[in-house]
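Engineer: Residue numbers (the numbering used here): 631 to 787. Backbone N, C-alpha and C fix where the C-beta goes; we use that ideal spot for every residue, glycine too. Predicted model only: the values in this text are computed from it and were never measured.
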């Protein structure tokens, strides 16, 4: 057939090369886009501290961006006993659900206090009054980023 119809062989060869190159291009495009997606990991360490004759819970939240594009911290929420404690990216004040400032948070490792670069690790240290937590229960912390969300659980002992 190839000798009798050389035009068909040429068209079939070109079509085959187009399909193979388009498939390769699509594969490389998908892989490069997947590598841009941030991979967020983290954990929470809980300490009981006392100062000013008051019991406090110190939460040390560690967040790492293993790979992908840099992410910006939009908001952090800590779900306590009947309360939601919020830390906005615009300030480091810890605000309860009644709008009262409970304490301030200290953030280490974020560029301009907001951006977590690729491959970087950040620590958020929050001191919260002990009254917001009950011993033996599990609580959650939710970190909202512009390109992802990280949910962390921690036990109060």
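Relative to the alpha-carbon of residue 759, which residue among 638, 677, 662 has its alpha-carbon at the smallest distance?
Structural biologist: Taking the first residue of the chain shown as 1, we reach residue 759 at position 129. Measuring from the Cα of residue 759, the nearest candidate turns out to be 677.
Engineer: Sort out for me which residues DSSP pairs residue 714 with in a bridge.
Structural biologist: Taking the first residue of the chain shown as 1, we reach residue 714 at position 84. In the DSSP output, where bridge partners are listed per residue, residue 714 has 709.
Engineer: To the nearest angstrom, how far is the alpha carbon of residue 682 from that of residue 673?
Structural biologist: Here residue 682 refers to the residue found at position 52 when the chain shown is read from its first residue. Here residue 673 refers to the residue found at position 43 when the chain shown is read from its first residue. Distance between the alpha carbons of residue 682 and residue 673 is about 28 Å.
Engineer: Can you tell me which of the three DSSP states residue 644 falls into?
Structural biologist: The residue labelled residue 644 in the question sits at position 14 within the chain shown. In this structure, residue 644 counts as helix in the three-state DSSP scheme.
Engineer: At the level of alpha carbons, what is the spacing between residue 756 and residue 657?
Structural biologist: Taking the chain shown and counting its residues from 1, one reaches residue 756 at position 126. Taking the chain shown and counting its residues from 1, one reaches residue 657 at position 27. Distance between the alpha carbons of residue 756 and residue 657 is about 44 Å.
Engineer: Under three-state DSSP, which class holds residue 662?
Structural biologist: Residue numbering aside, residue 662 sits at position 32 when the chain shown is read from its first letter. In this structure, residue 662 counts as helix in the three-state DSSP scheme.
Engineer: Between the C-alpha atoms of residue 728 and residue 655, what's the straight-line distance to the nearest angstrom?
Structural biologist: Reading the chain shown from its first residue, position 98 is the one you call residue 728. Reading the chain shown from its first residue, position 25 is the one you call residue 655. Cα to Cα, residue 728 sits roughly 54 Å from residue 655.
Engineer: Please name the residue, chosen from 771, 781, 773, 763, that lies closest to residue 787 on a Cα-to-Cα basis.
Structural biologist: Numbered from its first residue, the chain shown carries residue 787 at position 157. Nearest of 771, 781, 773, 763 to residue 787, Cα basis: 763.
Engineer: With three or more beta-carbon pairs closer than 8 Å as the criterion, would you say the region 694 to 714 touches the region 737 to 750?
Structural biologist: A contact exists between the region 694 to 714 and the region 737 to 750.
Engineer: According to the Cβ coordinates, are residue 744 and residue 668 closer than 8 Å?
Structural biologist: In the chain shown, the residue the question calls residue 744 occupies position 114. In the chain shown, the residue the question calls residue 668 occupies position 38. No.
Engineer: Tell me, please, which residues DSSP counts as bridged to residue 671.
Structural biologist: The count along the chain shown starts at 1 and reaches residue 671 at position 41. Residue 671 pairs with 694.
Engineer: Are the region 766 to 783 and the region 705 to 713 touching by the rule of at least three beta carbon pairs closer than 8 Å?
Structural biologist: Verdict: yes, contact present.
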